[in-house]
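Trainee:
Residue numbers (my numbering): 229 to 398.
1. Just to confirm, are residue 335 and residue 273 a CB contact at a threshold of 8 angstroms?
2. From the DSSP secondary-structure annotation, give me the bridge partner or partners of residue 252.
3. Determine contact between the region 363-377 and the region 337-355, defined as no fewer than three beta-carbon pairs at a distance below 8 angstroms.
4. Run through DSSP, which three-state label would residue 277 get?
5. For residue 329, write down the residues that DSSP places opposite it in a beta bridge.
6. Got a sec? Which residues, its chain only, sit under 7 angstroms from residue 293 by beta carbon, not counting five neighbours each side?
7. Between residue 251 and residue 349, what straight-line distance do the alpha-carbon atoms span, to the nearest angstrom?
8. With DSSP collapsed to three states, give me the class of residue 352.
9. Rounded to whole angstroms, what's the CA-CA distance from residue 291 to residue 308? Just pull it up for me.
10. For residue 258 versus residue 377, is the C-beta spacing smaller than 8 angstroms?
11. Strictly by DSSP, which residues pair up with residue 257?
12. So, with DSSP's three-state summary, where would you put residue 363?
13. With C-beta atoms as the reference, is residue 254 less than 8 angstroms away from residue 311?
14. Looking only at DSSP bridge pairs, what is residue 337 linked to?
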């Protein structure tokens, strides 16, 4: 992987003739594949030095400076109450726009952009004891035999949380 600021910007370039509504950036956390609607994604960058901010939840790792903009960083594994892991050269920060603010999410890796037609996305199932994670799931997409967990970015980080993250980033 090249050591430059951005990774695979071509993944974010959309075809003029096709809608972005059914295209998703595939991100992995462990063996699970998550889809983020590319209409939210602004950058995919290599992991860089994160400045810690005191008195934040464990999943908020701190902030970075991306082209002069201070962006809060959330470890998606910790947000989902998954076991943390050591970051490596495949770990990336996916920067998304949520509620009018840029927020970076640390994921194990971002692999590709895939089109998933709306008809191939089922509603999120009910999980006993897993209601916390379910509230972040917009649905389950299917590509062949593979199941993709489609994330609802607006529910993943609530508007009030965005405000407190922006305050911490100042």
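Beta carbons: idealized from backbone N, C-alpha and C, even for Gly.
Just so it is clear, the structure is predicted and the values come from calculations on it, not from any experiment.
Mentor: To lay it out plainly:
1. Inclusion of residue 335 and residue 273 in the CB contact set at 8 angstroms is not warranted, their separation being larger than that value.
2. In DSSP, residue 252 forms a bridge with 265 and 342.
3. Judged by Cβ distances under 8 angstroms, the region 363-377 makes contact with the region 337-355, as three or more pairs qualify.
4. Per DSSP, reduced to three states, the secondary structure at residue 277 is coil, with no helix or strand assignment.
5. According to DSSP, residue 329 bridges with 326.
6. The answer is none, since no qualifying residue turns up.
7. Taking the straight line joining both Cα atoms gives about 12 angstroms.
8. Three-state result, residue 352: coil.
9. Here the alpha carbon of residue 291 sits roughly 19 angstroms from the alpha carbon of residue 308.
10. Against a cut-off of 8 angstroms, the Cβ pair of residue 377 and residue 258 comes out as no contact.
11. According to DSSP, which records beta bridges pairwise, residue 257 is partnered with 260.
12. It is coil, neither helix nor strand.
13. It is not a contact, given that the beta carbons lie outside the stated cut-off.
14. Answer by DSSP bridge pairing, in chain order: 256.
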